[in-house]
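**Student:** In our numbering, the protein residues as written are 12 to 171.
Ideal Cβ positions, reconstructed from N, Cα and C, are used throughout, including at glycine.
I'd like to ask some things about the structure below.
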Ligand SMILES: [Zn+2]
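Given below as structure tokens:
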């Protein structure tokens, strides 16, 4: 059994750049959509997980990224410098300076949809894995634009 969550409000608009990825190296943005599937057995209430419990978690993640510039903290090809209220990013012959409050720094190597889905899946696993023994796996899809999506599938380590 699985549940699938694809709410319109589970979306965010954000800017990013991808180093050594052609035109994507320029600062640009997407409208991202997050879909979640959760597989497992039914609990005593007859649900895998209460939609009212999981939906705010997904919404909070989306809100934390919405209208931000997403920066990959672990991107080794860039030099990140924090100067007061600003973040400076240097790579190749480029220099970006952003207001710190307009950015979100994620512990990922690059801001591809693959890594964004993996990041979000990790958060959901942390939130749900320990307390929901009936959950067997999680899947998080992050879509950019109309027809491109990456999906992370994570088997729950809390179960056998
Ligand atoms: Zn992009």
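CA-CA distance, residue 85 and residue 98?
**Tutor:** 15 Å
**Student:** Just to confirm before moving on: does the CB-CB distance between residue 117 and residue 153 stay below 7 Å?
**Tutor:** no
**Student:** Give the secondary structure of residue 17 by DSSP, where H, G and I count as helix, E and B as strand, and everything else as coil.
**Tutor:** For residue 17, the secondary structure class from DSSP, reduced to helix, strand or coil, is coil.
**Student:** Mapping the DSSP letters down to three states, classify residue 28 as helix, strand or coil.
**Tutor:** coil
**Student:** For the beta strand (DSSP E) that residue 67 lies in, which residues bound it at each end?
**Tutor:** Element bounds for residue 67: not the beta strand (DSSP E) but the alpha helix (DSSP H), 62–76.
**Student:** Going along the chain, which unbroken runs of the alpha helix (DSSP H) with 4 or more residues stay wholly within the stretch 77–143?
**Tutor:** 124–139
**Student:** I need the residues with a C-beta less than 7 Å from some heavy atom of ligand 1; please give them in chain order.
**Tutor:** 27, 29, 35, 39, 41, 155
**Student:** What does the alpha-carbon distance come out to for the pair residue 89 and residue 76?
**Tutor:** Straight-line measurement puts the Cα of residue 76 at about 21 Å from the Cα of residue 89.
**Student:** As a quick exercise: from 142, 96, 83, pick the residue whose alpha carbon is nearest that of residue 30.
**Tutor:** 83
**Student:** Whole angstroms are fine: how far does the CA of residue 37 sit from the CA of residue 21?
**Tutor:** Cα-Cα distance, rounded: 26 Å.
**Student:** Just the Cα atoms here: how many angstroms apart are residue 56 and residue 145?
**Tutor:** 12 Å
**Student:** Between 65, 62, 64, 81, which lies nearest to residue 124 when the distance is taken from Cα to Cα?
**Tutor:** 81
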